[in-house]
Amino acid sequence: MSYPIELVRHSLAHVMAAAVKKLHPDVKFAGGPAIENGFYYDFDTEYRFSEEDFAAIEKEMRDLIKSNGRFEQRIVELDEAKKIFADQPYKMEWLNEYDAAGEKLSIYTFRDFTDLCRGPHVESSKDLPRDGFKIQRCRCVLERRFEK
Ligand SMILES: [Zn+2]
1 MSYPIELVRH
11 SLAHVMAAAV
21 KKLHPDVKFA
31 GGPAIENGFY
41 YDFDTEYRFS
51 EEDFAAIEKE
61 MRDLIKSNGR
71 FEQRIVELDE
81 AKKIFADQPY
91 KMEWLNEYDA
101 AGEKLSIYTF
111 RDFTDLCRGP
121 HVESSKDLPR
131 DGFKIQRCRC
141 VLERRFEK
């Protein structure tokens, strides 16, 4: 099955987040929408990513893609969502906002990475190009949003 390129790119952002989570379990995830000519994901971490990390993340992504992981959607209640994202402050903020706006809380799980996301995505990572992506940059934005 072939998918629109935006959908492939956005799905790759989830795969990248899953890869980063595996390599750096303490990362706090913000969001990863598709962009005009690629994909990105914002995360918050003490660890300073650099270009030297790209090869390891890309390898992990290729392994994840090879594993034919499915993108499984569930609609959850606020209580359950709060448990799932207890250690993810950005997601917590958004799910409270979505809930206050009366929106359904849609979550997607790909392998060990569960995200608050409306989708859509490819059905399985077998629909993603195993060698058709490359991480090009990381940019550090110093920000302290959750300081008391
Ligand atoms: Zn998504």
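Each residue of the sequence shown is one higher than the one before, starting from 1 at the first, in the working numbering.
Beta carbons are placed, not taken as given, at the ideal position from N, Cα and C, and that holds for glycine.
DSSP three-state call for LEU64: helix, strand or coil? Correct three-state label for LEU64: helix.
Hey, is the stretch 57 to 74 in contact with the stretch 121 to 140, meaning 3+ C-beta pairs nearer than 8 Å? yes
Could you check if PHE140 belongs to the surroundings of ligand 1, using beta carbon to heavy atom distance under 6 Å? Sequence check: residue 140 is Cys here, not Phe. No; taking the cut-off as 6 Å, the Cβ of CYS140 has no heavy atom of ligand 1 nearer than that.
What does a CB cutoff of less than 7 Å around ILE19 pick up in its chain, not counting 5 residues either side in sequence? Checking the sequence shown, residue 19 turns out to be Ala, not Ile. Result list for ALA19: ILE57, GLU60, MET61 and LEU64, in chain order.
PHE43 versus GLU103: straight-line alpha-carbon distance, rounded: Going by the C-alpha atoms only, they are around 24 Å apart.
With distances taken between CB atoms, is the gap from ILE107 to ARG139 smaller than 7 Å? no
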